[in-house]
Each structure stands twice: as C-alpha cells, then as structure tokens.
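Trainee:
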Amino acid sequence: MGYGRYLAIRLLNAALVLALVTLLVSVLFTKVAEEDLRSSIQEQINFKLRANPELQKQLSADPEKFQEWYQREYNRLIRVYELDKPFWYRVVKRTKDTLTLNFGNTKMPIFGETNVKKILATAIPRTVLLFTTAEIFVILIGLLLGVKAAQVAGSTLDRGVSVLAMLTSSIPMWWFGMIAILVFSFELGWFPSGGMTSTPPKEGFAYYTDILYHMVLPVGTIVFVLFGGWAWTTRNIMIGTMQEDFIMVARAKGVPERKVIYGHALRAAAPPIITMTIFGLLASIGGAIITEAVFSWPGMGRLYWTALQQNEVRLLMGVTFVTVALYLISMILADLAYGYLDPRVKVGASQQT
Amino acid sequence: MRWVDFKASVKDFWFEFRRQKGGLLGLALLFLLVFTALAAPYITEPDIPDKWPTYWEGNPTNVPPIWYNYFTNKKLAAHEVLTYNDLRITPEQDLGGGIKYYAIEFDYINQYDLPPKDLIIKNIGVKLTDINSPAQITITLVRPDGQTVELLTTELREGSTFQVAKTGAVVNNVFNWAAEFEDPKALAGRTETIKSTMDVMRVIFAKAQPGILINPEPLHGKYTFLIEIFTFNEGDKIDLTPIVITLTGRTYGIMGTDYMGRDLWAGLVWGTRVSLTVGVSVAVLTVLIGISFGVTSAYLGGWRDEFMQRVNEFVASIPVLPILILLGAAFKGHVTLWTIVFLMVIFYWTGIAKVARSMALQIKEQTYVEAARALGAGTGRIIFKHILPQIMPYAFAAMALNVPGAVLTEASLSFLGLGDPTAVTWGQILYDAQTQSATINGYWWWVIPPGLAIALVALTFVLIGVALDRVLNPRLKRL
Amino acid sequence: MAKPVLEVKNLKMYYFTSRGVVKAVDDVSFELKKGEVLGLAGESGCGKSSLGFTLMNMPTPPGKIVGGSIKIDGREIVGLPENVMRREIRWQKISMIFQGAMNALNPVYTVGYQMIEPLLYHKGMEKEEALNKAQRYLELVGLDPEIVYRYPHELSGGMKQRVVIAMALLLDPEVVIADEPTTALDVIVQAQIINLLKKLKKELGLSMIFITHDLSILAEVSDRLAVMYAGKIVEIGDSQKVYYEPAHPYTQRLLSAIPRLHEDVEKLEFIPGQPPNLIKPPTGCRFHPRCPYAMQVCKEQIPQLTKVDEDHYAACWLL
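Protein chains in written order, with my numbering: chain A, 37 to 389; chain B, 7 to 485; chain C, 1426 to 1744.
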C-alpha cells in the first residue's frame, strides 16, 4: 500500500470518527436541550402571567379560557424554539453548531466565563502546557534509558527497566497523583496540593516561577508513571534494530560505538519509536486528564470533573468534542511524522507525485 | 489435536512457565485475589453491598486503622461496641410507688492518649404507659482518681439515642466539673469559647489538674460508667437485652473508615469482586470477539477482508476514554457493571483482531492447511482444527494482558463518578476520597489501599501475561 | 611468491551460549598471499561465516576468540583493544563485502553517506572530497555515480551488492573478506557480480577471502581453496588441485553433489547424515560418522593437515 493511499485512508478514518462523535454529541445534546427548553418554556409562560395582573384576573375567572391561552402560548414558544420540528432536523442543526464549536453557555460561570467556547479557549493552553512539559521529560528520559537498556540487554539495568515498566503500567496515574499530594503536599509540605497559581496570583516574573512551582507535582506524577513504559518500548524497538545487519556493518566500518547506537540504530528505529510515542501519548491522555483534575489544574481535566460534578452537559459536550478532535489531529501528525522520518515512505511518496 | 498431544503440550508449557518467576508470582497473586473475592462474605459481612451506599451509624468517620497506633506516639482509642453480655446489669428493682430502678455498669480501661470520640447508648427497649411521664436516665462516670462526674440526667423515651459528647447538657456538666481544677485566669471571659470548642471526651478522661480544659492530659486507668434508669408508672417496661453501647473509636478496624463511617476494609475486600469480574469478563469477551473477527477476516480474504480491516481501523482510532465518559454521563445513575463491560468490549477488541488476522493468514498459507483443503476439509474444520489451536496460546496471553487495561478503565470511570452506583468498587472509594478532599486532609488510609489494590490486580495479570508471552513467543524468550 | 598479507594460526572462536560452548572455529590455520583469492567452502553451519567475522576481530555475540593469532601485514590483531581495532585496522587493513541483498545498508541514510562514513572517521576527509571518491568507486563497480544521493530501497538487489563491494574497497584494504556476496541474487546478476570481482582482482590486485557454500563459483574465482567442516579446515590447497583431485572424503562428496557443466553425471550425489552438533562434536575426525571410509583410528584421534601434493593439504587418516 502506497503511503499516499495510506494517508488518505487515515484521513478518511479520522473524518469518520469525528463525524460519529459529532453525531453522538449532537444527539445527546439535542435530547438534553429539549428537556431544558421545555422547562424554560413553562417558566416563561408563568413569568408572563405574573407580569400581567390584568391578564391574570381575566384568566383565573375562566379555566377554559386559561387552558386555551396557555396552549396557544405554549405552541408559540415551541415553534420559536423549533421543538415542533422533527428530532433529526434539530440534530442536524445541532451538528452544525457542534462543528462550529457553538456549545452555548454553562449554568454557572467557570474561570469567570459562561460561554463554553471561551472556557475551552482558556483551558486548552493550560492543559497543553502541563501535558507537553511532562511528555518532553517522559520522551527524553524514556529514550535515553531505553537505549541504554537495549545496549546492555539482560543486565540489571535492563531488568530494572522491565520491572519498572510492569509496575508503573499497573498504577492508575490519577491515584499516583493523590499519593503525591498526600506525601509531598500534606506530609512534607514541599509543594502546593493543586491549582496553577497561588491565590491571589503573584505579579511579574514571580507569576511564572509560581506556575512552575505548581507544575512540579502534576508533571512529576505523569513523568513517573509513564517513563518506565516508554523506556521499555524504546528498548524493545532498539533491540530489534540492533540485531539488524547494518549495525554490524557500521561496526565493521569502524564507526565509533556512540555513533553506531545514536546515529545508525536510533536513527533507523526513529520512525517506529516516534509513532509508538505519539500513539502512547494519545493513550495516556485520558489518564493525564483525570490526573489534572486531581491536582485541580484549571485545564481540560478540571472541565471534565466540573462538568460531571455539576451536570454541565453543554460543557461536557464541548470538552469531549475538542478532546476527540485534538486526538485525531495528533494521530494524523503521527502518520505524517512517520512518513517524514522514513525515507522508504518519504521518497516513495515524492516519486509518485 | 489429539488428547495425548494436548496433554503433552500442556506439560511442556508448564515446564517452561515454571521457570518464569514473575509468572509464578502472578499466579500466586491471582489465587489470592480469587480467594478474597469468593470469601468476601465470610471475611467481612454478607450484606456489605446493600449497606454500602448508606451512612454507617455508630461508626466513627474518617479515622485511621487500629494499627496506626504502632507508628504514632499518641495512642488513639480503638472502636468498641458493648452489648448486653458485656455489661453488669442490676435487674429491675421495685422502689415502691410505681417507681422501678435499673442499673447498667461497665468498666473502661483507658490506655490511650486520645480517648474515644463519643459514647453512644441506644436500643434500650422502652414501653411507656403514659407518654407524658417518660422514664429518666442518669449517666455517671467514676474515674480512676475517685472523682465522680455526673454526665447527664435526662428523659428516656422509646427509641432514645444518647450521643454523650454531642449533648449540650453534658458539655455544661463536664465544664462545670472541670472548671474547678482549671486555672481561673485561663478561663476568665472565655467560658463560651471553651465550651463550644472543647472535646468532652478528652476532658473526662484527663488528669484533674490545671489545663484540664485548655490542654487536657490523659489519665490512664479504670473508668466505670454507671447508667441508671428510673420508670415512674406501674406498666412501664424496660428491656435491656437489645442495648448497644458504642465507644466511638479514633481508630477503626483493619483499614479505618471514610466520611460515612464505612469500614474501608469491607469495601476493599468486596471491591476485589468487581475488579476481577470486570477485568476478566472484558478480557475474555474482547479476545473471543477479536479472534473471531480476525480469523474470519483472514479466512474470507478479498474485499471482505479489506472491509473488515477498515472497520477495525475505524474502531481502533476512536479515543476510548472521552467517549466512555460521555456515554457514562448520558446513562448516569442507571449504569450497571455490565453496561461498562459492554462499552469497553466494543472498543477494545481491535488490537487482538489485528494480530489474530495476521497469524491466521500465515497459518492459512502453510502447506499442511493447503493439503487439508485439497483433501476436502471444510472451512469449519480448517478453522477449528488448524487455525484456532495455534492461535489459542496467543489468545491466553492476550487475555491476561488485556485485564489491566480494563481494570484501570473501570477504576477511572468509577473515579469520575460514572460507575455502577450499586456496586462496591475501589474507583468509587477513591472518588469519595477525592470529593471529600481526603488527600489534603491526610486521610492516607482512605487513599492508599484502594489504589494499591487496583495496581495489584493489574500487576497480577501483567505478570501472568508477560510470562505467557515469553513462553509462547520465542523471540522474547531469548532476551 | 609474495609474502602473506594474512596469517592465521590455531585460531579458536567459541560461542558461549546457555546450552553450552559451540566450537564454531576450532584450531584453524592458513595464509593468504598478496593478490590471491582464497575460497572458503563448506555446508551452512560449518563455521565459515563465523570465521569471516572472527578475522575482523568482531565475532558475533556471544562469540569470543579463545586462542590463536591473526596477523595482517605482520601485525597481530588478536587482543588489540577495541578502539585501536576500530581506528587502525577495521576497514583500512581488512574490510568485508556483506550480503548486499540482505540488510547491510541502513534504510534511513543515503548510499553516499554510508559509503563515506569510514573516510570521514578514519581519514578525516571533507565531505565533498569523500563523496567524490565514493563516486569514483561506484563507477569502478559499474554504477551511476549519482546514486550516492539515493536511499537503499531505491536500488535493486544487484545494485546494492555493487554498492557494498565499492564500500568495502574504498579504503584500499590489504585484505577483503567476501561473505556470500552472491547468495540471494538471481543467476544472471550472480554472474555479473562474479565477473566484476574477477575484474577488480585483476585491476586492483585484491587479496580476498571468498566465503560461499557454492563450490562452482569458487572454482571460477579462487586461486586457492579451503574446505571447512564442523569448525575445522579439512582440506586446503591450490584451487585446481582441490577441485579436480580432492583428497578428503568430505571434499569428494561435496564436489560430487554439484552438477558440472562439462561432464555427464548420471545422478547427483548427496552426503548422508546431518552436519554435526558443534556443542558436542564427534571425537576424532569430525566427519567420521558420515564418512564411508571411517576406520577405528578416525573415531579416536584428530587427523592433522598433511601434505598431499605441492600446495595441497588435507586432514584425513587415509592419507
């Protein structure tokens, strides 16, 4: 299968997944919105009645007339909110809103905002900051450790990496975050237990160091739980590569050992390592988001937690949609990265065009 | 595969597996977990799942386990429940004039630095003939230093419960008694503040000396509680057999309690059931579906194979957790364990299907399968006789390796409050811990054990899975 | 006769595996003279490829040289520290032509980069200059010099093999070891490569050890021929003599197992039995379990190489 065709299929796939999620979000949304709107219609009618004592007097005398008036009013509002339109019509309309990130407003303000789009715009950079920082550490440590372990396969270090990978892959990341708070925040008091800044936030340069200070525990948690698994993945790919003939050839050519490992082996193993890394990252996003909630980091994780705790359906829809979209974009990026790093794919593609 | 061959291969397999130390450890852990799950009603109590969502009356809330005392220099009182047989009962005495007298007496040896949190008396069977003329109860304490403190005298009616430390009258009585020993300067003008903040139980178990109210020091020794009951009408009846007296501990049981006074040990033990059930059912179902899908796809070939591959890829690229969260929220309140299992199975079969397909493709091309086909063997025969037996070992390893993911996902959903509300799960215990800020209050006994338990289940299956993989996958065996 | 560029004496290389010690190269001695091609033949698993890597002083793990000596141009290389080996010997004094059809070229680097690596590391050449040199050698092996900018996957099997040959010759080494350079190529390409090697030998005066299981190729390219069996050389000598008057029963069998172009053979022979287990090799002559002429002495004592003729030696109790 050519790379171009492969990429096309992946793109199509991502589009399909996004469509499915959009539809799911829209259907659920429409249902919830309907309940919301019906109760809001009741309220509006009652309000109208209370605001107009004349009408009230007139209607309370004649229950039949009241019924009629009520029904008329009700039907009018139903039409206004398009509740008389078929369910699927409303779903399609809602789909358009979802795709344009029009999720409406939350019941209670979050981060001082009620517009879901604006709330998301505040939260995403914070999550990206936390997650990318952690991942840079994970990849660096994992890569170095994995390569070292592969070099000395079977040694104590190598076995240590395997055992560590087994142990940390069994731990729920968010639970480890709770433990980190218990130990480093409650018991030792070294780090704050949560949040992104002190309250009230500091001024000037201290504001940034304060954020770093608040990042230590959550980043440390993510790194600790993930780096062992990464090291192990890298190790397995590297061991496979180191058994390739061209590694022996490089040694025979008198290439220095460091260059053999980091030049030849790691470079040749890079495409699978990169893809595995990105896919692994994607798989860990769920855990990381929950971990974020544990540390009350005001990002996407917090939004999930708040949305679920306070029943903010619109927010949940928004946050789910955005998460899935980001996930799919990263997946495409992984495929592109693979194509870029592997000349077998890259050159093949350029020749076709 | 003939039975003899099967026996031989099982024997070979066991020979290899025995040398995998991790795998053996995993097996031992699995045995322990299954035992715990099965014996849960006997280790704890059979009605825990029904009792779990309710407040556990009489239990202290948020207290550490008993063994915590080994690690602190301040010894905390244990939780004690006394019933009829633990008490010295003076049977009904007729004092004449329709007045009857009952006495209950018990000793309490205080060896702790922090005494019980409360003294709760309940379930005294009272039958009054005249509702306007209730019985009377008096609770008195005789201390090791000979001091006598009258804690409370009040009405006793049907269904009365006395929480001594939380009763205003007791606070007044104890304050008045203790104030005689306290340094008057310390009390000046602060009576109300002290009353509202003082820990009654600590005061009555403290040395009678200055500081008794401000900074009570524990007085160890034998304390005797005397409970006297008077009834004033001829027909009044007191039944003392069902009486329950609770000395609410500052520690409780093997694992302490949470904010609802629930025994966390019971939750921990019962949680094993859910975790194992969910993990194992998801693993078995995903492997069954994955293998059927993969083998069918490989066997059909052509555009059907291509199509099934695309379906697989499609499902595989769905981000599972956000979707599960969304669906969980949509079904909120009426999610059952089986819904969760079902949802996970829908998403998790793809990896196995992929491997099963490529394995089946290889096997299909082997000469002996072609020979079998040439000899007229049917599709079913080839699949069941040749392809499946070779894939089965892989299937077992895959099952074991799939359990941890399922266990962790279930825990994550429960932790977000999206689990089965009727089940006792570790994720839920941690969810409660999170909503009640257990971490920043330092309730370690509430946070650490459930997570360790989740990790233990996951680790058990990782160990078994990796060992199986090493035995069955020769490339890894070498390393 | 020119003086030997490669002298091997009593070389022993064992693999230390978990199942036991595999004596892959066991007490091997021979010489290679300047401008000569020594063919090394034997069944697969007899230790001939192991010998090739051992001569580079880089036995594949878990192999170790346990004894003997290898002298290149008079310099002993057994026991040399790894960094000296790397900087002074490998590729400069002794290089290797790998099976190019296999995975000898790293898929993520251009052909040119992989060729000039040794020039950059050992000669400290500028990249430009090194590439020029690489292009000259590519032309020498009959390739378009522009392929220095290509990636391995863009080349055919035969082209890759030529690249690997050019790469091995780039530093003008004293000794070149060709390890099955024609295996896995189709017959036409095989013939082209053989002709190329013959041409290079003539033009550059290569001293080469040519390892293959294909005796018919060796007859064409080699001046001298060595036959290995179970880690030992059982017969060595002038190519024509070994080929037409084989002295060792194993060589005789091996030769009768290949079809010859100019002779009518009724039936192709094969050698009964299995190659021996090198962890517990047979006592005495290692070929005795499969030898039709085996005697009592064959089972008890190891035969030494004895002179059969001028420049023709064999290790057999029959002689």
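Just so it is clear, CB atoms sit at the ideal spot from N, CA and C, and this is done for glycine as well.
In terms of residue numbering, what span does the alpha helix (DSSP H) encompassing D124 (chain B) cover?
Mentor: No alpha helix (DSSP H) contains D124 (chain B), which is instead part of the beta strand (DSSP E) from 124 to 128.
Trainee: When you compare only the Cα positions, how much space is there between T168 (chain A) and P161 (chain A)?
Mentor: Their backbone Cα atoms lie some 10 Å apart in a straight line.
Trainee: For T78 (chain B), does the three-state DSSP call read helix, strand or coil?
Mentor: coil
Trainee: Please state whether the Cβ-Cβ distance between I1522 (chain C) and P1429 (chain C) is less than 8 Å.
Mentor: In this structure, P1429 (chain C) does not lie closer than 8 Å to I1522 (chain C) by Cβ.
Trainee: When you compare each of C:A1603, C:R1561, C:G1662 to L1480 (chain C) by their alpha carbons, which one comes out closest?
Mentor: C:A1603
Trainee: Compare the Cα-Cα distances from L93 (chain B) to each of B:M398, B:F236, B:W451, B:T247 and report the closest residue.
Mentor: Of B:M398, B:F236, B:W451, B:T247, the residue nearest in Cα terms is B:T247.
Trainee: At the level of alpha carbons, what is the spacing between A383 (chain B) and Y374 (chain B)?
Mentor: In a straight line, the C-alpha of A383 (chain B) is about 11 Å away from that of Y374 (chain B).
Trainee: Anyone know if the C-beta pair for G300 (chain B) and A362 (chain B) falls short of 8 Å?
Mentor: When the beta-carbon positions are compared, G300 (chain B) and A362 (chain B) come within less than 8 Å of each other.
Trainee: Less than 8 Å between the CB atoms is what I'm expecting for T134 (chain A) and T58 (chain A), so what's the real figure, rounded?
Mentor: About 5 Å separates the Cβ atoms of T134 (chain A) and T58 (chain A), confirming a contact at the 8 Å cut-off.
Trainee: Please list, in chain order, the chain B residues whose beta carbon lies closer than 9 Å to that of G322 (chain A).
Mentor: P325, V326, L327, P328, L330, I331, T415, S418
Trainee: With a threshold of 7 Å, establish whether the CB of Q94 (chain A) neighbours any heavy atom of the ligand GDP.
Mentor: Although the ligand GDP was asked about, the structure shown includes no ligands whatsoever.
Trainee: For chain A, find out if any of its Cβ atoms is closer than 8 Å to the Cβ of M1483 (chain C); answer yes or no.
Mentor: yes
Trainee: Within 10 angstroms of its Cβ, does L1744 (chain C) collect 16 or more other Cβ (buried), or is it exposed?
Mentor: exposed
Trainee: Please identify the residue among A:A324, A:I247, A:T142, A:L73 whose C-alpha is closest to the C-alpha of F260 (chain A).
Mentor: A:A324
Trainee: Nearest chain A C-beta to L82 (chain B) closer than 8 Å, yes or no?
Mentor: no
Trainee: Does DSSP classify S6 (chain B) as helix, strand or coil?
Mentor: It is not possible to answer for residue 6 (chain B), since the shown part of chain B is limited to 7 through 485.
Trainee: By the DSSP assignment, the beta strand (DSSP E) with K1437 (chain C) in it spans what residues?
Mentor: 1429 to 1442
Trainee: Starting from I1602 (chain C), trace the beta strand (DSSP E) both ways and give me its first and last residue.
Mentor: 1600 to 1604
Trainee: My parser needs the beta strand (DSSP E) runs of 3 or more residues fully inside the stretch 1507 to 1579 of chain C; what are they?
Mentor: 1519 to 1522
Trainee: Between the C-alpha atoms of L1650 (chain C) and V296 (chain A), what's the straight-line distance to the nearest angstrom?
Mentor: Distance between the alpha carbons of L1650 (chain C) and V296 (chain A): 35 Å.
Trainee: Return yes when the Cβ of V170 (chain B) is within less than 8 Å of the Cβ of L157 (chain B), no when it is not.
Mentor: yes
Trainee: Evaluate F21 (chain B) with the Cβ neighbour count: other Cβ atoms within 10 Å of its Cβ, from every protein chain shown; 16 or more gives buried, anything less gives exposed.
Mentor: exposed
Trainee: Does the beta-carbon distance from L1568 (chain C) to M1550 (chain C) come in below 8 Å?
Mentor: no
Trainee: Is it buried or exposed, G1662 (chain C), if we count other Cβ atoms within 10 angstroms and call 16 or more buried?
Mentor: buried
Trainee: Compare the beta carbon distance of A304 (chain A) and T277 (chain A) with 8 Å and say whether it is the shorter of the two.
Mentor: The beta carbons of A304 (chain A) and T277 (chain A) sit closer together than 8 Å.
Trainee: Work out the CA separation of I220 (chain B) and V180 (chain B) for me, nearest whole Å.
Mentor: 13 Å
Trainee: Let me check one thing: in DSSP terms, what residues is I115 (chain B) bridge-paired to?
Mentor: B:K228
Trainee: My output table needs one value for N272 (chain A): the three-state DSSP class, helix, strand or coil.
Mentor: helix
Trainee: Should R1512 (chain C) be flagged as near chain A, meaning a C-beta pair shorter than 8 Å?
Mentor: yes
Trainee: Using DSSP bridges, identify the partner residues of H1737 (chain C).
Mentor: C:G1662, C:D1734
Trainee: List the whole-angstrom C-beta distance separating E1599 (chain C) from K1496 (chain C), where the pair is believed to meet the contact cut-off of C-beta under 8 Å.
Mentor: That pair is no contact at about 11 Å.
Trainee: Hey, is R1515 (chain C)'s beta-carbon within less than 8 Å of any beta-carbon in chain E?
Mentor: Included in the structure are the protein chains A, B and C, with no chain E among them.
Trainee: Locate the beta strand (DSSP E) running through I251 (chain B), then write down its first and last residues.
Mentor: 250 to 254
Trainee: Could you have a look at F167 (chain A) and say whether DSSP puts it in helix, strand or coil?
Mentor: helix
Trainee: Can you check whether the CB of P456 (chain B) is closer than 8 Å to the CB of W432 (chain B)?
Mentor: yes
Trainee: So is I283 (chain A) buried or exposed if we call it buried at 16+ other beta carbons inside 10 Å?
Mentor: Around the beta-carbon of I283 (chain A), 16 or more other beta-carbon atoms lie within 10 Å, marking it buried.
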